[in-house]
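*Asks:* Residue numbers (this note's numbering), protein chains in the order written: chain A, 1 to 226; chain B, 1 to 416; chain C, 1 to 103.
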Amino acid sequence: MIELFDVRKVFNTGKPSEYSALNGISLNISSNKVTVLTGPSGSGKTTLLSIIGCMSRPTAGRVKLSGREITSLPERFLTDIRRKTFGFIFQQHNLIKGITALENVMLPAYPLGERHGPLKERAMHLLDRLDLSRKAHSRIEWLSGGEAQRVGIVRALINDPSVIIADEPTSNLDTKLSYRFLEIVETFKKDGKTVLITSHDPLVYQASVVDEVVRLRDGRLEGEAP
Amino acid sequence: MKSWIEKQKYIIDFTLSSLLRRKVKNIGLLILYALIVFILASVMFFTHAIKKEASLVLRESPEMIVQKVVAGRHDLMPLRYRDEILKIRGVQAVEGRLWGYYFDPVFGANYTLLVPPATTATEQAETEPMRTVVTENEHRHGPEEQAMPLVGAETIGAGNIVIGNGIARVRNAGKGEFILFRTHAGEGMPLRIKDTLSSASELVSSDLILMTEPDFRRFFGIPENYVTDLAVSVRNPEELSTIAAKITRLFPDSRPIIRDEILRTYDSIFNWRGGMMIVILSAAVLAFVIFAWDKASGLSAGERREIGILKAIGWETSDIIRMKFWEGAVISLTAFLAGVILAYIHVFFTHSLVFEPALKGWSTLYPQFKLMPFVSAEQLTTLFFLTVVPYTVSTIVPAWRAATIDPDAAMRHTGE
Amino acid sequence: MTRKSSVFLSAIAAQSAILGLLLLHAAISTRTHPPELTEKRALVKALHLTDLCLFTEARYTRHLSQADLSTPFQDHPISLEHFPSGSFLGAPENIRKINEELD
Ligand SMILES: Nc1ncnc2c1ncn2[C@@H]1O[C@H](COP(=O)(O)OP(=O)(O)OP(=O)(O)O)[C@@H](O)[C@H]1O
Ligand SMILES: [Mg+2]
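(1) Below 7 Å, is the gap between the Cβ of A:Arg220 and the nearest heavy atom of ligand 1?
(2) Got a sec? Which residues, its chain only, sit under 8 Å from B:Gly415 by beta carbon, not counting five neighbours each side?
(3) Examine ligand 2 and report whether any of its heavy atoms sits within less than 7 Å of the Cβ of B:Asp406.
(4) Along the chain, where does the beta strand (DSSP E) containing B:Met64 start, and where does it finish?
(5) Suppose only complete runs of 4+ residues qualify. What are the alpha helix (DSSP H) ranges in the segment 375-406 of chain B, listed by chain order?
(6) Using the Cα positions of A:Ser50 and A:Lys9, report the straight-line distance between them to the nearest angstrom.
(7) Going by beta carbon distance, what residues of the same chain come within less than 7 Å of A:Asn12, once the five residues before and after it are set aside?
(8) Can you tell me which of the three DSSP states B:Asn26 falls into?
(9) Is it buried or exposed, B:Gln92, if we count other Cβ atoms within 10 angstroms and call 16 or more buried?
(10) At a CB-CB cut-off below 9 Å, which residues of chain C make contact with B:Ser61?
(11) If we count Cβ pairs, one from each stretch, closer than 8 Å, do we get three or more for the segment 202-214 of chain A versus the segment 24-37 of chain A?
(12) Less than 7 Å separating the Cβ of A:Thr198 from some heavy atom of ligand 2?
(13) Using a Cβ-Cβ distance under 8 Å, would B:Pro407 count as near chain A?
(14) Could you name the residues of the same chain whose beta carbon sits closer than 7 Å to that of A:Arg41, not counting the 5 residues immediately before and after it, in chain order?
(15) Where are the alpha helix (DSSP H) runs, 4 residues long or more, that stay fully inside the segment 284-353 of chain B, in chain order?
(16) Taking Cβ-Cβ distances below 7 Å as the criterion, which residues of the segment 31-42 of chain B are in contact with chain C?
(17) Sort out for me which residues DSSP pairs B:Tyr111 with in a bridge.
(18) Return yes when at least one heavy atom of ligand 2 lies under 7 Å from the C-beta of A:Asp167, else no.
(19) Should A:Thr170 be counted as a contact of ligand 2 given a C-beta to heavy atom distance under 7 Å?
(20) Which stretch, first to last residue, makes up the beta strand (DSSP E) that contains A:Asn94?
(21) Go ahead and pull the three-state DSSP assignment for A:Met106.
(22) Taking Cβ to Cβ, would you say C:Ser5 is nearer than 8 Å to B:Lys2?
(23) Say whether the segment 140-149 of chain A touches the segment 87-97 of chain A, bearing in mind that this needs 3 or more beta-carbon pairs closer than 8 Å, one atom from each stretch.
(24) Say yes only if the C-beta of A:Asn12 is nearer than 7 Å to one or more non-hydrogen atoms of ligand 1, and no if none qualify.
(25) CA-CA distance, B:Glu138 and B:Ala54?
(26) In chain B, which residues lie with their C-beta within 7 Å of the C-beta of C:Ser29?
(27) Between C:Ser16 and chain B, is the shortest Cβ-Cβ distance under 8 Å, so that the two count as touching?
(28) Assuming contact is defined by CB atoms lying nearer than 8 Å, are B:Ile193 and B:Ile163 in contact in what I supplied?
(29) Taking the C-alpha atoms as reference points, what is the distance between A:Leu173 and A:Leu132?
(30) Looking at the secondary structure, which residues open and close the beta strand (DSSP E) in which A:Glu186 lies?
(31) Just list the residues that DSSP pairs B:Asp260 with in beta bridges.
(32) Just how far apart, CA to CA, sit B:Tyr258 and B:Arg169?
(33) Give the straight-line distance between the Cα atoms of A:Thr170 and A:Leu177, rounded to the nearest whole angstrom.
(34) Could you tell me if the beta carbon of A:Thr38 falls within a distance shorter than 7 Å of some heavy atom in ligand 2?
(35) Within 10 angstroms of the Cβ of C:Arg62, are there 16 or more other Cβ atoms? Answer buried if so, exposed if not.
(36) Given that B:Ile11 touches chain A, what residues does it touch there, using C-beta distances under 9 Å?
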């Protein structure tokens, strides 16, 4: 479903701080599978994830989504693909403070301009699925860490994306909550979604729900010659 | 289209939620903003309406007034000037005006004493249809009485006066009562109030006292062959300035004031350059600069982070700008409309209550006039562009750069 | 719960409607000259009046257009004034152009 051909990413090109974070990555991520990207800190996991998720562009190489080349699309189209195809779960859950959980969940759907009634209903339904319906009208800062993360997950689901991308989803969670997260990932898989997770938590990449583990090191797939 | 509207509504939803997070600050801002618009709009409504009214009312003023100037002050006008001026070709009529000031030490008020011209107001008024409206202020006129008092000299009658409604109010005096004046020679001179001028005409008549010519002359000790100044009318209005020039040549110590100058005087009244106006205006401008600076001094780290999050979850640059547009527009539009509405009510329904102390100044006798609501669309538009637009723009501009950050920046934020 | 945007848009609509009504009020009440105006005009005409009775505190504010050429406030168009009203009034134009020849 997602194909990468020799993807490279160089930061700060031409400056003394020039840094090559990805050095030629070719990879196939199949649909309806749970793939985990793992590797030491600084190995380029987040960078790769943001390229796959159409948040940034590779310096070289190509990315294909369902057979369609997306590397060279203008920003508007990328944004459009991003919000329809991908749902993001962030490491710091990146919720907007001062507004309610429900509003946070609905935010990604705002630019699409669908009718308010159905959207709200869908948001409430999804919150309910993750036992958050009682917290819908609470402000973000009142939520516990686990609740906040689940709100972040619900937000990722609001536009019914086919790919869920999660960057270090369990780094702020204890073991019990991490298991809870993996249970949720199971349900994603059941719903036919593709899941892409970065993690260096063995609990995650050794979990039974994971179909494939990709190891990165120094911006390369592990085992490939530099 | 429908989804476009829905999208704007969603963005407004979010904007309002985020504005409400700093409720006190933003509501305070809104109130301050509305107050500034209110003051500016009040000044605008008031000055425009008064100028407009002055231009309509004073169009009926004498075509030319000729004063005599002695040592830099105007002085009594000898009637021989009148006879000479009358001989100038093109001059239709020259009438002596008799008027002066009287300071009432009891009430500390200044009155304008005036002798009505020979032809009476009613005579002149007959030429155009007119009706006098008696308003509630004017409790002294019974409904059965004739509303427009007869202001002609003959009808006033010796020993009588007709007073402006302002004087009646200040002195709480009504028809039939006597007012004791002190003449130039220091003698007491009681005059009977025969009638009062309507409150509707206060803008021109509030402090007037009309009396007969003999009474006036006795009052001030003005000899028979002198008047205060001359009202000149000409056959052809085109020739006014030529005739004015002829008069100055004939009498170098005279000073003609033509009607156009009177009208222009009132056109430049309450000028933006005038003292208080400039203070009000600069206060307002200063407040705006503070707003704008506060806005333009950039976004806080928190705001940047939020923009990053919004981009990461699928908002486009244009959505962010739109959100910032609404952030400015919500406050400035609400404040503008509220300020203008309140200003209209203030000026045209409450007689400019707020300005009253300043307008009154030291006057004891302050006319209570109801301005006609002349509103200039042009001025309203200007005010809109001076208030709503800069504020909204200054909200958008600093967000512009933040809005173009890469969405993946949100993935890299550590902690708060 | 009503949406915030609906509340806001109705508030703006209500404000605009009020402003619209006020402007309509302005248009209607100035379209024809009301009797008050006619009365003032008649009085100005009948009594040969030259000025509005706005400020009665000094003769040069009471009879603005008739003021002496050398009253203090005419020394300079923006000179500070004894009376508050003086700060509302610029010097009359004919006095600002005091040196201009009449012919
Ligand atoms: N915008 C940037 N400018 C410069 N260098 C960057 C930028 N983003 C990432 N890098 C560098 O690229 C490298 C890869 O970063 P990345 O965030 O992908 O690592 P990671 O594998 O996700 O690490 P971690 O497990 O700690 O999250 C790091 O050395 C980082 O310093
Ligand atoms: Mg990372």
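Cβ atoms here follow ideal geometry from the backbone N, Cα and C, with glycine treated the same way.
*Replies:* In brief:
(1) By one-based count along the first sequence, residue 220 of chain A stands at place 220. Not so, every heavy atom of ligand 1 lies at least 7 Å from the Cβ.
(2) To locate residue 415 of chain B, count along the second sequence from 1; it is residue 415. Low per-residue confidence applies at B:Gly415: pLDDT is 42, beneath 50, and the placement is therefore not dependable, though the value from the model is reported in the following sentence. The answer is none, since no qualifying residue turns up.
(3) Walking along the second sequence from the start, residue 406 of chain B turns up at place 406. Outside the cutoff, so no.
(4) Stepping through the second sequence from its first residue, residue 64 of chain B is reached at position 64. Element bounds for B:Met64: Met64 to Val70.
(5) For the segment 375-406 of chain B, whole alpha helix (DSSP H) runs of length 4 or above, ordered along the chain, are 377-403.
(6) Stepping through the first sequence from its first residue, residue 50 of chain A is reached at position 50. Stepping through the first sequence from its first residue, residue 9 of chain A is reached at position 9. Going from the Cα of A:Ser50 to the Cα of A:Lys9 covers about 11 Å.
(7) If you number the first sequence from 1, residue 12 of chain A lands on position 12. Here the set comprises Glu18 and Tyr19.
(8) Here residue 26 of chain B refers to the residue found at position 26 when the second sequence is read from its first residue. Three-state DSSP puts B:Asn26 in a helix.
(9) What you label residue 92 of chain B is simply residue 92 of the second sequence in a count that begins at 1. The residue is exposed, with fewer than 16 neighbouring Cβ atoms inside 10 Å.
(10) As a first step, residue 61 of chain B is located in the second sequence; it is residue number 61 there, counting from the start. Those are Val44, Lys45, His48, Leu49, Thr50, Asp51 and Ser65, listed as they occur along chain C.
(11) The segment 202-214 of chain A is in contact with the segment 24-37 of chain A.
(12) Here residue 198 of chain A refers to the residue found at position 198 of the first sequence. It does: the Cβ of A:Thr198 is within 7 Å (strictly closer) of some heavy atom of ligand 2.
(13) Position 407 of the second sequence, counted from the start, is the residue given in the question as residue 407 of chain B. Taking Cβ atoms only, chain A reaches closer than 8 Å to B:Pro407, which makes this a yes.
(14) Translated into the one-based positions of the first sequence, residue 41 of chain A becomes position 41. It is Ser, not Arg, that sits at residue 41 of chain A in the sequence shown. There are no such residues.
(15) 301-312 and 317-349
(16) none
(17) Along the second sequence, one-based indexing puts residue 111 of chain B at 111. Note: B:Tyr111 sits in a beta bridge opposite B:Tyr102.
(18) Stepping through the first sequence from its first residue, residue 167 of chain A is reached at position 167. Yes, the beta carbon of A:Asp167 sits closer than 7 Å to at least one heavy atom of ligand 2.
(19) On the first sequence, position 170 is the one that residue 170 of chain A refers to. Not so, every heavy atom of ligand 2 lies at least 7 Å from the Cβ.
(20) Within the first sequence, numbered from 1, the residue matching residue 94 of chain A stands at position 94. Here A:Asn94 belongs to no beta strand (DSSP E), and DSSP marks it neither H nor E.
(21) The residue labelled residue 106 of chain A in the question sits at position 106 within the first sequence. Note: A:Met106 maps to helix in three-state DSSP.
(22) Counting from 1 along the third sequence, the entry for residue 5 of chain C is found at position 5. Counting from 1 along the second sequence, the entry for residue 2 of chain B is found at position 2. Result no, Cβ atoms of C:Ser5 and B:Lys2 do not sit closer than 8 Å.
(23) yes
(24) Here residue 12 of chain A corresponds to residue number 12 of the first sequence, with the count starting at 1. Remark: the shortest separation between the CB of A:Asn12 and any heavy atom of ligand 1 falls under 7 Å.
(25) By one-based count along the second sequence, residue 138 of chain B stands at place 138. By one-based count along the second sequence, residue 54 of chain B stands at place 54. Bear in mind that the predicted position of B:Glu138 carries a pLDDT of just 38, short of 50, making it unreliable; the figure below should be weighed with that in mind. Going from the Cα of B:Glu138 to the Cα of B:Ala54 covers about 23 Å.
(26) For the purposes of this step, residue 29 of chain C is taken as residue 29 along the third sequence, with counting starting at 1. Simply Met372 and Pro373.
(27) The count along the third sequence starts at 1 and reaches residue 16 of chain C at position 16. Answer yes: the Cβ-Cβ gap between C:Ser16 and chain B drops below 8 Å somewhere.
(28) Here the question's residue 193 of chain B lines up with position 193 in the second sequence. Here the question's residue 163 of chain B lines up with position 163 in the second sequence. Against a cut-off of 8 Å, the Cβ pair of B:Ile163 and B:Ile193 comes out as a contact.
(29) The sequence position of residue 173 of chain A within the first sequence is 173, counting from 1. The sequence position of residue 132 of chain A within the first sequence is 132, counting from 1. Going from the Cα of A:Leu173 to the Cα of A:Leu132 covers about 17 Å.
(30) If you number the first sequence from 1, residue 186 of chain A lands on position 186. No beta strand (DSSP E) contains A:Glu186, which is instead part of the alpha helix (DSSP H) from Thr175 to Lys190.
(31) Here residue 260 of chain B corresponds to residue number 260 of the second sequence, with the count starting at 1. None, per the DSSP bridge assignment.
(32) By 1-based counting over the second sequence, the position of residue 258 of chain B is 258. By 1-based counting over the second sequence, the position of residue 169 of chain B is 169. Looking at the sequence shown, residue 258 of chain B is not Tyr but Ile. A direct Cα-Cα distance of roughly 33 Å separates B:Ile258 from B:Arg169.
(33) Numbered from its first residue, the first sequence carries residue 170 of chain A at position 170. Numbered from its first residue, the first sequence carries residue 177 of chain A at position 177. For A:Thr170 and A:Leu177, the distance between alpha carbons rounds to 8 Å.
(34) Counting from one through the first sequence, the residue named residue 38 of chain A turns up at place 38. Flag unset: Cβ of A:Thr38 not near ligand 2.
(35) Walking along the third sequence from the start, residue 62 of chain C turns up at place 62. Looking at its Cβ environment, which holds 16 or more other Cβ atoms inside 10 Å, C:Arg62 is buried.
(36) Taking the second sequence and counting its residues from 1, the one referred to as residue 11 of chain B is at position 11. Result: Tyr110 and Pro111.
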